[in-house]
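Asker: Numbering (the numbering used here), first residue to last: -12 to 222.
Note that CB positions come from ideal geometry on N, CA and C, so glycine has one too.
Quick caveat, the model's predicted, so the values are computed rather than measured.
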Amino acid sequence: MRRAERARSKKWTPGLDKLTSKQKSMRVSHYRTERIKKKMVVTISIRNFLRAQKLNKVKGALSIASRSFSEIRYNDLKIHQTTTPREKPSADSKLVFGKQMADHMLVAEWTIDNGWDIPSIVPYGPLAIPPSASVLHYGIEVFEGMKAYKCTDGSIQLFRPEENMKRLFASAERLSLPTFDKEEVLKCIAELVRVDQDWIPDCDSSSLYIRPTIISTEVQLGLITTQEVSNPSHF
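Shown next, in the form of structure tokens:
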């Protein structure tokens, strides 16, 4: 058998030709032991890597879960009615999407230390955020688009709002933004629609558009896990 062919044989061990039977046996035993050790090292390394990966996933899930320990509650909702209502467009006016804003918006703040603050319905107006807010520099933001319609019987309907909440929740989770109780937030949005129900167009071709938004107001340049967010939901 040629040396190259013997080298490809699983039973052949280098350097056996010039050894006694006892030496051959010891050399083969040592060679096979070394191969087993290498396999064990590789196997243990792979197992440790997989364990580390699994541990990181668990840590990530626990981190996301712990970031929402204080939830938004509908029963805590505070309503502050505007004293200067805006002029509503006439019934025969041509509405432009996103041009006219309603009187109120739903807001809630979140911090890593305290979780979600008490939600509030307040008069529509500017948000006070610092110039270094991460939403301005890195676009750390999620939003949804909802619609409220006025039916022929005068009732008000939201179109599949549960699906909007599912998508908003999934988007927040994906960007490591704080999550929320979907049902509670939806109740708060429904109350916002009730407060501004006079803004819902009384026609078949138009609706009241609602834009739930979560923005990161973290005051630090550089990509880090969000510590502060604002949750404005307005028209």
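Provide the residue(s) that pair with residue 187 in DSSP beta bridges, ordered along the chain.
Answerer: According to DSSP, which records beta bridges pairwise, residue 187 is partnered with nothing at all.
Asker: With distances taken Cα to Cα, identify the nearest neighbour of residue 74 among 67, 86, 66 and 65.
Answerer: 86
Asker: Is DSSP giving residue 82 helix, strand or coil here?
Answerer: coil
Asker: What is the residue span of the alpha helix (DSSP H) that residue 160 lies within?
Answerer: It spans 148 to 161 - the alpha helix (DSSP H) in which residue 160 sits, taken as one unbroken run.
Asker: Which residue comes first and which comes last in the alpha helix (DSSP H) that contains residue 176?
Answerer: 169 to 182
Asker: Determine the direct distance from the alpha carbon of residue 190 to that of residue 52, and round the result to whole angstroms.
Answerer: Residue placement at residue 52 cannot be trusted, given a pLDDT of 47 that sits under 50; what the coordinates show is reported in the next sentence. Approximately 43 Å between the Cα atoms of the pair.
Asker: Could you give the first and the last residue of the continuous alpha helix (DSSP H) run that contains residue 122?
Answerer: 121 to 125
Asker: Measure the Cβ-Cβ separation of residue 69 and residue 91 and say whether it is below 8 Å.
Answerer: yes
Asker: In whole angstroms, what separates the C-alpha of residue 136 from that of residue 144?
Answerer: 5 Å
Asker: Pull up the CB-CB distance for residue 202 and residue 122, whole angstroms please, since I reckon it's below 8 Å.
Answerer: 4 Å between Cβ atoms; contact.
Asker: Quick one, which of 98, 128, 89 and 207 has its alpha-carbon nearest residue 158's?
Answerer: 128
Asker: For residue 117, I'd like the list of residues in its chain whose CB is within less than 8 Å of its CB, leaving aside the five on either flank, ordered along the chain.
Answerer: 204 and 206
Asker: Got a sec, what are the start and stop residues for the beta strand (DSSP E) residue 110 sits in?
Answerer: Residue 110 -> beta strand (DSSP E) spans 107 to 110.
Asker: Among 112, 105, 176 and 106, which one has its Cα closest to the Cα of residue 134?
Answerer: Relative to the Cα of residue 134, the nearest Cα in the group 112, 105, 176 and 106 belongs to 176.
Asker: Taking 8 Å as the cut-off, decide whether the C-beta atoms of residue 95 and residue 113 are in contact.
Answerer: Taking 8 Å as the Cβ cut-off, residue 95 and residue 113 do not qualify as a contacting pair.
Asker: I'd like the list of long-range same chain contacts for residue 193, defined as Cβ closer than 8 Å, with 5 residues on each side in sequence excluded.
Answerer: 82
Asker: Pick out whichever of 166, 104 and 64 has its Cα sitting closest to the Cα of residue 152.
Answerer: 166
Asker: On the criterion of 16 or more Cβ atoms from any shown chain inside 10 Å, does residue 183 qualify as buried, or is it exposed?
Answerer: buried
Asker: In terms of residue numbering, what span does the beta strand (DSSP E) encompassing residue 91 cover?
Answerer: 91 to 94
Asker: Mind reading off the beta-carbon distance from residue 59 to residue 103? Whole number of angstroms is fine, and I expect it under 8 Å.
Answerer: Going by Cβ atoms, the distance from residue 59 to residue 103 rounds to 5 Å, so yes, they are a contact pair.
Asker: Kindly list the residues whose CB is nearer than 8 Å to the CB of residue 111, restricted to its own chain and excluding five residues on each side of it in sequence; keep chain order.
Answerer: 69, 73, 88, 89, 90, 91, 92, 221 and 222
Asker: Smallest Cα separation from residue 61: which of 179, 142 and 115?
Answerer: 179
Asker: Should residue 195 and residue 186 be called a contact, given that it needs their Cβ atoms to be closer than 8 Å?
Answerer: yes
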